[in-house]
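In this note's numbering, the protein residues as written are 165 to 230.
Report on one structure; see the data block that follows.
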Amino acid sequence: MEAHARIEVEPAFLTQAEIAVLLGVPERTLEGWLLTKSGPPWLKLGRHVKYDRDDVLAWAREQRHG
């Protein structure tokens, strides 16, 4: 019997719901940031808004004050 290695692959881009959980903010907050262009960088794939996790974390670090 062959043993199959299980490889966990993280998605390249995350959904708005996943980013909301990551940042600890409501999805509505992300929607507001999209409209005002004040939130983390995002991209549109077809009709879907997606976020690169590393870009979002870098953006969040830039928001620190004090």
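We put the beta carbon where it would ideally sit given N, CA and C, even for glycine.
Here's the rule: buried if 16 or more other CB atoms are within 10 angstroms of the residue's CB, otherwise exposed. What is Ile183?
buried
Burial state of Val220 (16 or more Cβ within 10 Å)
buried
Based on DSSP bridge pairs, tell me the residues matched to Val213.
Lys208
Distance, Cα to Cα, Trp197 vs Glu191?
10 Å
Looking at the unbroken alpha helix (DSSP H) that takes in Ala184, where does it start and where does it end?
180-187
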